[in-house]
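Before any comments, here is the structure.
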Amino acid sequence: MSQSVIMGIVLVAIIAAFLSDRIPLAVVSLTGAVLVGTLGFVEHKEVFVSFASTSMILMISMMIVGGSLFYTGLAQIIGNMLLKFTGGSERALILIAVLSGTLISSVCSGTATLVTLFPIITSLCISAKVVARYRSELLGLKARIDDKFCFDPAYVMNTLRMLGDKLDMPIAVHAPRSLIGIDILLSYLKKGDVLCHTLAGNSKVMDVVDYDGVIRRSVWKAQERGVIFDLSHGTNAYSYDAAEAAWKAGFFTDTISSDLHARNLGGPVYSLGNVLTKVRGLTGMEWWQILNKTIVQPVRLQHISDKATEIHTGMKADLTIFKITHECVTLFDSRKEERVFKEQIVPIYTCVGRNVHVCR
44 MSQSVIMGIV
54 LVAIIAAFLS
64 DRIPLAVVSL
74 TGAVLVGTLG
84 FVEHKEVFVS
94 FASTSMILMI
104 SMMIVGGSLF
114 YTGLAQIIGN
124 MLLKFTGGSE
134 RALILIAVLS
144 GTLISSVCSG
154 TATLVTLFPI
164 ITSLCISAKV
174 VARYRSELLG
184 LKARIDDKFC
194 FDPAYVMNTL
204 RMLGDKLDMP
214 IAVHAPRSLI
224 GIDILLSYLK
234 KGDVLCHTLA
244 GNSKVMDVVD
254 YDGVIRRSVW
264 KAQERGVIFD
274 LSHGTNAYSY
284 DAAEAAWKAG
294 FFTDTISSDL
304 HARNLGGPVY
314 SLGNVLTKVR
324 GLTGMEWWQI
334 LNKTIVQPVR
344 LQHISDKATE
354 IHTGMKADLT
364 IFKITHECVT
374 LFDSRKEERV
384 FKEQIVPIYT
394 CVGRNVHVCR
């Protein structure tokens, strides 16, 4: 068998392991590296060359330093000292943070500066009760615990829960690819907390539906106690199969959002209207129910005081005008699976104050 064929088999196996999410990504990566080195496709000295990179070592070392500052309480001590020194003056605290960053960055890298100052400034903000000052502008705390970015989800969730309780703020979690499992993850969430990307279908252990096609008990219990399940389509976090399985089993997300940003504006999201069209086509829900989950429920559940759910004379305009068309449209999910929908909702105008914008 030729080397190219063998290499092809190895690559297919590695890709399959990555996509399955059944084996920790770190194990897949290391196993793949060892295989290509052992089979002679790559020189042994090149296999782990990135692990010897000074940048990689610096990143790991500084993460340890940053974590130690939190664990030992040193960050809290320094934060309290600075708070006492400045008398709690917001301008003085900002000035000290800027000057400290300038001083440290003059002798250290940007990464070292960030990781050193981050825990101190975070502790300082907590001590100074910055959240209380800007409570009307801050909705909550959010963490991403995908295995590609988070090596200790339990620690992150414990910390996030602790901060949420201490600051009296809801927490939101991005975890469509996490291997922590939805049962364990939901145990951290309380009334008002948000699980994002509920219908991603990227990890079996994070699906709301179990292997028998039944909604997990932990999901029903979480919804009963007030945990908010959000659709949040995004680039890689919405699967027709996962959504259909959930809705057929009787589960609907509490809120619907697009997670629209520059990188998915050209697909697969395109617009909030496209996301709503997909929901309508898959579930058959009435438009008023879909719009309720898109407009009214987010405002109500997250207590967004500056957004009105009713229109009346004299109010400042902040609305979008849609029209419903009965034309076939083909839309893709995050896995590039296509579905044809016979009805769609299309944005026409967006009105903000006295300005009217025509949607493209």
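The sequence shown stops at residue 403 when you use this note's numbering, and every number in between is there.
Ideal placement from N, C-alpha and C gives every residue a C-beta, glycine not left out.
Note that the coordinates shown come from a computational prediction; the quantities given were computed from them, not determined experimentally.
Inset, instruction - Give, in chain order, every unbroken run of the alpha helix (DSSP H) that is at least 4 residues long and sits entirely within the segment 241-296. - result: Whole alpha helix (DSSP H) segments, 4+ residues: 260-267, 283-291.
Inset, instruction - Mind checking which residues open and close the alpha helix (DSSP H) that includes K185? - result: Where K185 is concerned, there is no enclosing alpha helix (DSSP H), although the beta strand (DSSP E) it sits in stretches over 184-187.
Legend entry - Element boundaries [beta strand (DSSP E), containing Q31]: One cannot answer for residue 31 here, as it falls past the ends of the chain, which runs 44 to 403.
Legend entry - For N398, the residue or residues it bridges with in DSSP: V395, per the DSSP bridge assignment.
Legend entry - Closest Cα partner of V257 within the set Y392, K291, S72, L138: Cα-wise, what sits closest to V257 is K291.
Legend entry - Range of the contiguous beta strand (DSSP E) that encloses D361: Counting along the chain, the beta strand (DSSP E) containing D361 begins and ends at 361-368.
Legend entry - Residues that DSSP places opposite A215 in a beta bridge: Looking at the DSSP assignment, A215 forms a beta bridge with K185, V237.
Inset, instruction - Compute the Euclidean distance between the alpha carbons of L184 and P67, then round it to the nearest angstrom. - result: If I take the Cα positions, the gap works out to 27 angstroms.
Legend entry - Straight-line Cα distance separating V158 from S104: If I take the Cα positions, the gap works out to 10 angstroms.
Legend entry - Pair within 7 angstroms by beta-carbon distance, C193 and A215: Not closer than 7 angstroms, so no.
Inset, instruction - Would you grab the beta carbon distance between I299 and I333 for me? Rounded to a whole angstrom, and I think it's under 8 angstroms. - result: Indeed, because the Cβ distance is near 7 angstroms, the residues count as touching under 8 angstroms.
Legend entry - Exposed unless 16 or more other CB atoms sit within 10 angstroms - verdict on Q46: By the 10 Å Cβ count, Q46 comes out exposed.
Inset, instruction - Using the Cα positions of I147 and Y177, report the straight-line distance between them to the nearest angstrom. - result: Distance between the alpha carbons of I147 and Y177: 28 angstroms.
Legend entry - Exposure label - K336; buried when at least 16 CB within 10 Å: Answer is buried; the Cβ neighbour count reaches 16.
Inset, instruction - Look up E133 in the DSSP assignment and say whether it is helix, strand or coil. - result: In this structure, E133 counts as helix in the three-state DSSP scheme.
Inset, instruction - Taking the CB atoms as reference points, tell me whether E380 and Y283 lie closer together than 7 angstroms. - result: Result yes, Cβ atoms of E380 and Y283 sit closer than 7 angstroms.
Inset, instruction - Determine which residues share a DSSP beta bridge with L78 and list them. - result: Bridge partners of L78: none, in fact.
Legend entry - Host beta strand (DSSP E) of R176 (start-end): Membership of R176 in any beta strand (DSSP E) is not indicated; the residue belongs instead to the alpha helix (DSSP H) covering 173-176.
Legend entry - Bridge partners - F375, DSSP secondary structure assignment: For F375, the beta-bridge partners assigned by DSSP are E381.
Inset, instruction - Might you give, ordered along the chain, the residues of its own chain that have their beta carbon closer than 6 angstroms to the beta carbon of D302, omitting 5 neighbours on each side? - result: S275, H276, G277.
Legend entry - Rounded separation between L13 and D190 - CA only: For residue 13 there is no data in the structure shown, the boundaries of the chain being 44 and 403.
Legend entry - Which listed residue (G327, V237, K264, T393) has its alpha carbon closest to that of Q340: Considering only alpha carbons, the answer is V237.
Inset, instruction - Let me know if L308 comes out buried or exposed under the rule of 16 or more other beta-carbons within 10 Å of its beta-carbon. - result: When all chains shown are included, L308 counts as exposed.
Inset, instruction - For T298, write down the residues that DSSP places opposite it in a beta bridge. - result: By DSSP's assignment, T298 forms a beta bridge with D273.
Legend entry - Backbone secondary structure at F84 - three-state DSSP: If DSSP states are grouped into helix, strand and coil, F84 belongs with coil.
Inset, instruction - Let me know if S149 comes out buried or exposed under the rule of 16 or more other beta-carbons within 10 Å of its beta-carbon. - result: In summary, S149 is exposed, with fewer than 16 beta-carbon neighbours lying within 10 Å of its beta-carbon over all protein chains present.
Inset, instruction - Using 10 angstroms around the beta-carbon of I188, count the other beta-carbons present and answer buried if the total reaches 16, otherwise exposed. - result: By the neighbour-count criterion, in which a residue is buried when 16 or more other Cβ atoms sit within 10 angstroms of its Cβ, I188 is buried.
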